[in-house]
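Student: To convert a position in the sequence shown, counted from 1, into the working numbering, add 78. I'd like to ask some things about the structure below.
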Amino acid sequence: MLKHLLVACGVLSFACGDPASADAPEGWDGQKLLALVDADMAATGYADGKLYPIADTSDQLMVIDMATGAAAPLDRPVSNTVMGWPGSLAIGAEARFAYAVTSRSGVSRSIEEMADGVFTEFPIDTTLTTIDVETAHVVSETSVCRKPMSVDVAPGGDWLLVACGDKDGELTIVPLKGGVPGAPRSIDLDVPAFAERDVDAGATYGVVHPSGQAAAVVLNNRAVALVRLDLDETGTPTAGHAEAPTPTDRWLSVARWTQTGDHLLVADTGWGPSPLDAVFNANGDIVSFALSPSDDVRGIVSVAEVSKSPEAFELNRAGDLLVAVNMERTYLPNGFPGALFRHRNAASLSLVEVDARSGALKTLGEPVKFRGVLPEDAVFDADGDHIAAIVYQDHGKPRSDGWVTFFRIEGRGDARRIIETGERIALPRGGHDLVPID
79 MLKHLLVACG VLSFACGDPA SADAPEGWDG QKLLALVDAD MAATGYADGK LYPIADTSDQ
139 LMVIDMATGA AAPLDRPVSN TVMGWPGSLA IGAEARFAYA VTSRSGVSRS IEEMADGVFT
199 EFPIDTTLTT IDVETAHVVS ETSVCRKPMS VDVAPGGDWL LVACGDKDGE LTIVPLKGGV
259 PGAPRSIDLD VPAFAERDVD AGATYGVVHP SGQAAAVVLN NRAVALVRLD LDETGTPTAG
319 HAEAPTPTDR WLSVARWTQT GDHLLVADTG WGPSPLDAVF NANGDIVSFA LSPSDDVRGI
379 VSVAEVSKSP EAFELNRAGD LLVAVNMERT YLPNGFPGAL FRHRNAASLS LVEVDARSGA
439 LKTLGEPVKF RGVLPEDAVF DADGDHIAAI VYQDHGKPRS DGWVTFFRIE GRGDARRIIE
499 TGERIALPRG GHDLVPID
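Below, the structure written as structure tokens:
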């Protein structure tokens, strides 16, 4: 019944002209953008299981030269997946190496539909891929854990934190030597299982504390916990000890520390464990948790409402402003009775002001709509006055290209607002993670 409802969802495509193309976005402060592209399925495959395969395509890491606007793949495929939260890609110290994790393996282009759903039929993966950004070559592929969901680089650049969708090994530490991974170290956190319908998804996201001596972990999309790390003589963790988690009734995705490291900011998509929760969802939020390693204060201190399905957000370098990328309900397929579901035909961005010391959040203005299906990630440029958002595909066109679309920020204080520039850089279908290089 649910499958038939979702297959029928959708309305006419967003009625506006295509954004103007540009050789390079004007005013962007930065050298490159790295974009992960998952070639395995159309964005609407989440809802109806139809993959709309494109022959002779493969997962890729695209390197975008921001001086020219040219986007090029590496010399060999880089396996990745859109089926985790945005966080599958991180850049190392001095921007020499990039690291991509793959929670689900790809499938043959002969497969057109997954009748039991993509989360059931896509195979689970274990891979961390290391890429030399300077030479655009793949350096290594390492098996790190069952279903690696996110990867983060320690402040000193000497090790990686991988969040694993495994209740028996929620974290993996990967030591780095000259940027190249060594043997992974698994950490099994002794925490209660935050299970939904008898499923414990393990760690669904993880980020290293700015001190490098702790980390925050999102468990089963439902709880956050501080993990204190035991470090060896090189400063690399050998063990981790989780505090009692702070459970919520929210559906949590991407996490970021504030600049002071006193608060953890996490996106609440407004969904839940059932597929219907992403159909009849209310607006999502950015949630600020007290989680400082230096005190025992815990709990939610501030909530900023954005719009529907804010799967990802990013802070600017100053740490006082974040942008939330709201997918809205663009992941629903075309077809009657889509008119029942608003927010199907445009995505949006929201600006949120951040007080790093208090953890207070304040939404600035209304969401800014833009064209694009399943925009999962957005980033600021180096000086924080421009934003890039990555779009998976076009409306009503399951085999269409994706793109990176650009915005600028105008105004000061509470009057700050997002303006779409009309510039974009084309990508193959399937872009889902974005990382800037200054």
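C-beta atoms are modelled at their ideal positions from N, C-alpha and C, and glycine is treated no differently.
Select from G509, D516, V513 the residue whose C-alpha is nearest the C-alpha of A117.
Tutor: Within the sequence shown, numbered from 1, the residue matching residue 117 stands at position 39. The shortest Cα separation from A117 among G509, D516, V513 belongs to G509.
Student: Rounded to whole angstroms, what is the Cα-Cα separation between A493 and E444?
Tutor: As a working mapping, residue 493 is identified with position 415 in the sequence shown. As a working mapping, residue 444 is identified with position 366 in the sequence shown. Going from the Cα of A493 to the Cα of E444 covers about 11 Å.
Student: Taking the CB atoms as reference points, tell me whether D266 and G247 lie closer together than 9 Å.
Tutor: Here the question's residue 266 lines up with position 188 in the sequence shown. Here the question's residue 247 lines up with position 169 in the sequence shown. The answer is yes: Cβ separation under 9 Å.
Student: Which partner residues does Q138 have in the DSSP bridge list?
Tutor: For this step, residue 138 is matched to residue 60 along the sequence shown. BP columns for Q138 point to V115.
Student: My parser needs the alpha helix (DSSP H) runs of 4 or more residues fully inside the segment 121-183; what are they?
Tutor: 123-126, all fully within the segment 121-183.
Student: Per the contact definition of three or more C-beta pairs closer than 8 Å, is the segment 184-200 in contact with the segment 120-137?
Tutor: At 8 Å Cβ cutoff, the stretches touch.
Student: Compute the Euclidean distance between the alpha carbons of V430 and G339, then round it to the nearest angstrom.
Tutor: As a first step, residue 430 is located in the sequence shown; it is residue number 352 there, counting from the start. As a first step, residue 339 is located in the sequence shown; it is residue number 261 there, counting from the start. Near 18 Å, if we compare the C-alpha coordinates of G339 and V430.
Student: In angstroms, rounded to a whole number, what distance separates the CA positions of P261 and P226?
Tutor: Within the sequence shown, the letter at position 183 stands for residue 261. Within the sequence shown, the letter at position 148 stands for residue 226. What sits at residue 261 in the sequence shown is Ala, not Pro. So the two alpha carbons sit approximately 15 Å from each other.
Student: By alpha-carbon positions, which one of V222, D143, E392 ends up nearest to A178?
Tutor: For the purposes of this step, residue 178 is identified with residue 100 of the sequence shown, where counting begins at 1. The option with the nearest alpha carbon to A178 is V222.
Student: So for P323, helix, strand or coil by DSSP?
Tutor: Against the sequence shown, residue 323 aligns to sequence position 245. Three-state result, P323: coil.
Student: Can you tell me the Cα-Cα spacing of K475 and I496, whole angstroms?
Tutor: In the sequence shown, residue 475 corresponds to position 397, counting from 1. In the sequence shown, residue 496 corresponds to position 418, counting from 1. Rounded to the nearest angstrom, the two C-alpha atoms are 27 Å apart.
Student: I'd like the span of the beta strand (DSSP E) that includes V222, first residue to last.
Tutor: As a first step, residue 222 is located in the sequence shown; it is residue number 144 there, counting from the start. Run containing V222: none; DSSP gives neither H nor E here.
Student: For G450, I'd like the list of residues in its chain whose CB is within less than 6 Å of its CB, leaving aside the five on either flank, ordered along the chain.
Tutor: Along the sequence shown, one-based indexing puts residue 450 at 372. Taken in chain order, the residues that qualify are A425, V469.
Student: Since P151 and M140 are thought to touch, with beta carbons under 8 Å apart, how far apart are those beta carbons, to the nearest angstrom?
Tutor: Position 73 of the sequence shown, counting from 1, holds the residue named residue 151. Position 62 of the sequence shown, counting from 1, holds the residue named residue 140. Right, their Cβ atoms sit about 6 Å apart.
Student: If I follow the unbroken beta strand (DSSP E) through E431, where does it start and stop?
Tutor: The residue you call residue 431 lines up with position 353 of the sequence shown. E431 -> beta strand (DSSP E) spans 425-432.
Student: By how many angstroms is the C-alpha of E219 removed from the C-alpha of G147?
Tutor: Start at 1 with the first residue of the sequence shown, and residue 147 comes out as number 69. Start at 1 with the first residue of the sequence shown, and residue 219 comes out as number 141. Cα-Cα distance, rounded: 29 Å.
Student: Buried or exposed for E520, going by 16 or more other Cβ atoms inside 10 Å?
Tutor: It is not possible to answer for residue 520, since the shown part of the chain is limited to 79 through 516.
Student: Where do the N-terminal and C-terminal ends of the beta strand (DSSP E) with V196 fall, by residue?
Tutor: Looking up residue 196 in the sequence shown gives position 118. Taken as a continuous stretch (DSSP letters only), V196 belongs to no beta strand (DSSP E), being part of the alpha helix (DSSP H) at 196-199.
Student: Would you list the one or two residues that DSSP bridges to E191?
Tutor: Start at 1 with the first residue of the sequence shown, and residue 191 comes out as number 113. Answer is K128, bridged to E191.
Student: Relative to the alpha-carbon of A214, which residue among L254, A173, E199 has its alpha-carbon at the smallest distance?
Tutor: If you number the sequence shown from 1, residue 214 lands on position 136. It is A173.
Student: Expressed to the nearest angstrom, what Euclidean distance is found between the alpha-carbon atoms of A322 and A303?
Tutor: Counting from 1 along the sequence shown, the entry for residue 322 is found at position 244. Counting from 1 along the sequence shown, the entry for residue 303 is found at position 225. Straight-line Cα distance between these residues: approximately 7 Å.
Student: Does DSSP put L354 in a helix, a strand or coil?
Tutor: Indexing the sequence shown from 1 puts residue 354 at position 276. In the structure shown, L354 sits in a helix (DSSP, three-state: H, G or I).
Student: In the DSSP assignment, find the beta strand (DSSP E) that holds E444 and state where it starts and stops.
Tutor: Locating residue 444 in the sequence shown gives position 366, counting from the first residue. Where E444 is concerned, the enclosing beta strand (DSSP E) stretches over 439-448.
Student: For D511, is the classification buried or exposed, using 16 other Cβ atoms within 10 angstroms of its Cβ as the cut-off for buried?
Tutor: Taking the first residue of the sequence shown as position 1, residue 511 is located at position 433. The residue is buried, with at least 16 neighbouring Cβ atoms inside 10 Å.
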